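Every letter in the sequence shown is one number past the one before it in full-length UniProt numbering, and letter 84, counting from 1, is 84.
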Amino acid sequence: MESAELANKSEFLAEGEGSSDEMGSTSDQRPLPQIEAKVCDNKVLLRLHCENQRGVLIKILSEVEKLNLAVSNTNVSQFGKNRALDITIIAEMEKEFNLTIKELVRNLQSALQLVN
Numbered sequence: 001m002e003s004a005e006l007a008n009k010s011e012f013l014a015e016g017e018g019s020s021d022e023m024g025s026t027s028d029q030r031p032l033p034q035i036e037a038k039v040c041d042n043k044v045l046l047r048l049h050c051e052n053q054r055g056v057l058i059k060i061l062s063e064v065e066k067l068n069l070a071v072s073n074t075n076v077s078q079f080g081k082n083r084a085l086d087i088t089i090i091a092e093m094e095k096e097f098n099l100t101i102k103e104l105v106r107n108l109q110s111a112l113q114l115v116n
């Protein structure tokens, strides 16, 4: 299983490289959005923790589908004092999907920066 997590704008944690706790930070201290992606066979598990902004879910789902991933399940919950969103998406890779896990996370990060 391959995984990547965007801990901040330029730092990725790949599975087996250590956890965020080992790096001296907790998820509460990291800036939003936080994006984690895991791949198993042709399935992708995405976990996003982001600010609750108008249109953010639509933007994320649209971007996931543009990247040749077919969404099969989505779960959204409000989390924390600032009412941030915790979004979990399970998607299946289409034949045209050709990104690495890190590229996938970077693309989602870029899309979230464009949300007003």
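For glycine and all other residues, C-beta sits at the position ideal for the given N, C-alpha and C.
Keep in mind the model is a prediction, meaning the values are calculated, not measured.
message: Buried or exposed for isoleucine 58, going by 16 or more other Cβ atoms inside 10 Å?
response: It counts as exposed.
task: Determine the direct distance from the alpha carbon of leucine 48 to that of alanine 84, and round the result to whole angstroms.
output: 10 Å
message: Counting beta carbon pairs with one atom in the stretch 33 to 51 and one in the stretch 70 to 89, are three or more of them shorter than 8 Å?
response: yes
task: Return the CA-CA distance between isoleucine 89 and lysine 81, expressed in angstroms with no decimal places.
output: 23 Å
- request: Going by CA-CA distance only, name the one from Ser77, Ser72 and Val39 that's closest to threonine 100.
  value: Val39
- request: Compare the C-alpha of lysine 95 against each of Gly55, Gln78 and Leu69 and name the closest.
  value: For lysine 95, the nearest C-alpha among the options comes from Leu69.
- request: Kindly give me the distance between the Cβ atoms of proline 31 and glutamine 109, rounded to whole angstroms, as I take these residues to be in contact under 8 Å.
  value: With 8 Å as the limit, proline 31 and glutamine 109 do not qualify as a contact, their Cβ atoms being about 11 Å apart.
- prompt: First and last residue of the alpha helix (DSSP H) that includes leucine 57?
  reply: 56 to 66
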